[in-house]
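Residue numbering for the sequence shown is -8 to 519, as defined by my numbering.
Idealized CB from N, CA, C, for every residue including glycine.
The structure appears below as structure tokens.
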Amino acid sequence: MTTQYFDVVIVGSGLAGLTAALQLAPTHRVAVLTKRGMADGASNWAQGGIAAVMDGADTFDNHVQDTLVAGAGLCDLDATQMVVENAPQAIRWLQSLGVPFSMEHGELHLTREGGHSHRRIVHATDATGAAVQTTLMDAVRNTPNVTLFEHHMLVDLITDRKLGGTDNRCHGVYALDEQADVVVTFSAPHTILATGGAGKVYLYTTNPDTATGDGIAAAWRAGCRVANMEFIQFHPTCLYHPQAKSYLISEAVRGEGGKLLLPQSAGGGRFMPQHDPREELAPRDVVARAIDFEMKKHGVDCVYLDISHKSPEFLDAHFPNIKARCAELGIDITTDPIPVVPAAHYTCGGVVTDLHGRTDLAGLYAVGETTCTGLHGANRLASNSLLECMVFASATVKAISTDAPTARPALPQWDDSRVTDSDEMVVVTHNWNELRRFMWDYVGIVRTTKRLERAAHRITLLQREIQEFYAQFHVTRDLLELRNLVQVADLIVMSALMRRESRGLHYSRDFPQTDEVGQATVLIPPPR
Ligand SMILES: Cc1cc2nc3c(=O)[nH]c(=O)nc-3n(C[C@H](O)[C@H](O)[C@H](O)COP(=O)(O)OP(=O)(O)OC[C@H]3O[C@@H](n4cnc5c(N)ncnc54)[C@H](O)[C@@H]3O)c2cc1C
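Encoded structure:
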């Protein structure tokens, strides 16, 4: 076994990780580790687009205000202003790399999404993420200073304290090389966590399988604070079909006039006007809660999203992928309404960073959905997250260029004396299912203290069992992901129990009011 030496190790190959890699490459030797293939992650799945003020009739102030309103009093103003003001530059950077954004009359075509007061969503039809991810992957493949390690999964961060020292510093990572089935040591004075969100902690999610909160859990174990974990965004409109795993029906469908309808068995007709004056364009949490309410009230499995009043040409131009995916399942969106349900979509909380991606550990940075930068507050405004990935990746690159690297200590190799027991591994699968089911049932869109406590009790039992596995058995991706998911579930439940009010994405039946005096971010300190 060898140690790999780099100037910067980036864990994650989504928009956050690849932006940082490309911008660091001119001056640093960079390793990008990713636990599956390079394209596997939420960035590749993003549909709607990227929010940026690109139109003369719009202003930075409008975008800041819309973000603050969605964030329900918990956004950090500095972070919000920084992201909004750097958005046009981030878009121009993507254009310079060749991202094929949708254009109209020689200008970027801007669409509008829920919570935005203006048209400001830059997009590549309805597959923006794939267009961006593909372009960045091509650029990375042509960048000699970046070495890609696919199928390498972060196991844990290597900290000074783990080495017996007293510094709050990170020296690199241990990563499981799945193909060789060995744990490799990566030594670097700078490590960036860009591991994405944690949607897989819930049974129903729009997220890809990679979204198991690995970076959040590893950073917390290593000594970083995490915050705002109670704020999980549930996307109101995930395609409801037995063969459609995690397929999102973009916000832009409502932005372009799509209407939500009850099933015929429940009388049909629109219901959003009875829930909010902004109707279908209300923020996601309001729409998701309204759908949850109507589904429970009428005992139905889904509601419908109807865009069939638009012409087939319009739907072909704006939603070619959604139209094609629905058609594969026998749904013709030019004539039929689309069956939809809410599903866990975005992790607003995460590893606490400053405005330059620095965490509580020197030498450790975090970027993208894995972080809590203060931008999203209690609820993310649609299309602000891809933007956050890029703006904070650029800010982190600047910090790395100025933060002094330290001497590299000798790093011990991973202790690989643990055994493999395939019988026991079946239990890992059962635990995965159990966790995701009770998180959905007890820690979902509408919460109560009793249910949260019930979830906390189950989490304690699972943690004990998983710790035993982790100590005894050879590590596998499933085991590592389960260990991280349970950790993240614990952080979500702890945060939700600490918030004794309803705000943004956190709604408790026991505390339905918003506490205007006591508003604050819930910070969870790391274990001692
Ligand atoms: C269906 C869908 C649609 C969306 N639409 C939009 C949209 O229109 N606009 C918008 O702004 N946002 C959208 N979002 C949210 C947005 O896509 C994400 O917030 C954003 O892409 C996160 O980027 P990231 O780089 O932080 O993480 P990701 O793109 O998820 O990348 C994380 C990377 O880390 C890797 N990784 C994870 N754990 C490990 C580990 N232990 N070891 C090694 N590698 C690891 C993953 O494999 C992956 O490469 C959408 C999300 C989804 C799921």
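beta-carbon residue i near ligand 1 non-hydrogen atom, thresh 7 Å
i    : result
H143 : yes
V2   : yes
D205 : yes
Y337 : yes
E169 : no
S299 : no
I149 : no
N133 : no
R27  : yes
S385 : no
S374 : yes
W36  : yes
D31  : yes
C380 : yes
N370 : no
N198 : yes
I41  : yes
T119 : yes
L496 : no
L279 : Just to set this straight, residue 279 is Ala in the shown sequence, not Leu. It does not: the Cβ of A279 is nowhere closer than 7 Å to a heavy atom of ligand 1.
L6   : yes
E425 : no
E360 : yes
G188 : yes
Reference residue i; option with closest CA among the options
i    : options                : result
G368 : D267, G187, M220       : M220
T326 : P303, H336, Y337, A335 : P303
Q463 : R455, C317, R409       : R409
N475 : D292, D205, A257, I1   : D205
L127 : H181, V23, D158        : V23
A42  : A33, Y295, V55         : V55
R445 : S241, Y433, T362, G290 : Y433
S499 : H448, D481, I436, L471 : I436
P333 : P264, Y238, R490, R427 : Y238
V388 : T(-6), V0, T(-7)       : V0
H289 : A257, K301, K250       : A257
E507 : P518, E492, D501, P330 : E492
R20  : T362, G365, S392       : S392
D406 : A11, D147, V217        : D147
F383 : Q224, A81, P17, R27    : A81
E95  : L88, H107, V294, H114  : H114
T451 : L426, W431, V466       : L426
G509 : I515, L496, M489       : M489
V342 : T176, T18, W211, E169  : W211
R103 : E270, P254, A243       : A243
L85  : E76, G120, R110, N53   : G120
P15  : F502, T397, A386       : The amino acid occupying residue 15 in the given sequence is Leu; Pro does not appear at that position. Among F502, T397, A386, the Cα nearest to that of L15 is on A386.
T512 : G105, A37, G62         : G62
Local conformation of residue i per DSSP, three classes
i     : result
G8    : helix
C317  : helix
K288  : helix
Q170  : coil
H531  : Given a span of -8 to 519 for the chain in the structure shown, any question on residue 531 remains unanswerable.
Y195  : coil
R152  : coil
E104  : coil
M220  : coil
Q124  : helix
T(-7) : coil
A22   : strand
G206  : helix
D(-2) : coil
A179  : coil
H142  : coil
F310  : coil
H96   : coil
A163  : Residue 163 is actually Gly in this sequence, not Ala. Looking at G163 - three-state DSSP - the assignment turns out to be strand.
Ligand 3 heavy atom lying under 7 Å from the CB of residue i
i    : result
G259 : Here the bound small molecules are ligand 1; ligand 3 is not part of this structure.
Closer than 8 Å to chain D by CB, residue i
i    : result
K153 : The chain labelled as chain D is not found in the depicted structure, where only one protein chain is given.
Could you say if the region 266 to 283 and the region 227 to 242 meet the contact criterion of at least three C-beta pairs nearer than 8 Å? The region 266 to 283, when compared against the region 227 to 242, does touch it at the 8 Å Cβ threshold.
- Query: What residue ranges within the region 345 to 432 form continuous alpha helix (DSSP H) runs of no fewer than 4 residues, ordered along the chain?
  - Reply: Runs found: 376 to 393.
Does the pairing of the region 331 to 347 with the region 178 to 193 give three or more beta-carbon distances under 8 Å? Between the region 331 to 347 and the region 178 to 193 there are three or more inter-stretch CB-CB distances shorter than 8 Å, so the stretches are counted as touching.
- Item | Ranges of the alpha helix (DSSP H) found wholly within the region 223 to 278, counting only runs of at least 4 | Counting whole runs of 4 or more residues, the region 223 to 278 contains the alpha helix (DSSP H) stretches 242 to 246.
Q: Can you check the region 472 to 519 for any alpha helix (DSSP H) of at least 4 residues that lies completely inside it and give the ranges in chain order?
A: Whole alpha helix (DSSP H) segments, 4+ residues: zero.
Three CB pairs or more closer than 8 Å across the region 121 to 140 and the region 27 to 44: Yes: the two stretches touch, three or more of their Cβ pairs being nearer than 8 Å.
Q) Is the region 364 to 378 in contact with the region 313 to 329, if contact means three or more CB pairs nearer than 8 Å? A) The region 364 to 378 makes no contact with the region 313 to 329, as fewer than three CB pairs between them are under 8 Å.
The region 244 to 263 / the region 314 to 322 touching (three or more Cβ pairs under 8 Å) = Not touching, per the Cβ criterion.
Query - Ranges of the alpha helix (DSSP H) found wholly within the region 7 to 82, counting only runs of at least 4 - result: As for any alpha helix (DSSP H) of minimum length 4 sitting wholly inside the region 7 to 82, the runs are 51 to 61, ordered along the chain.
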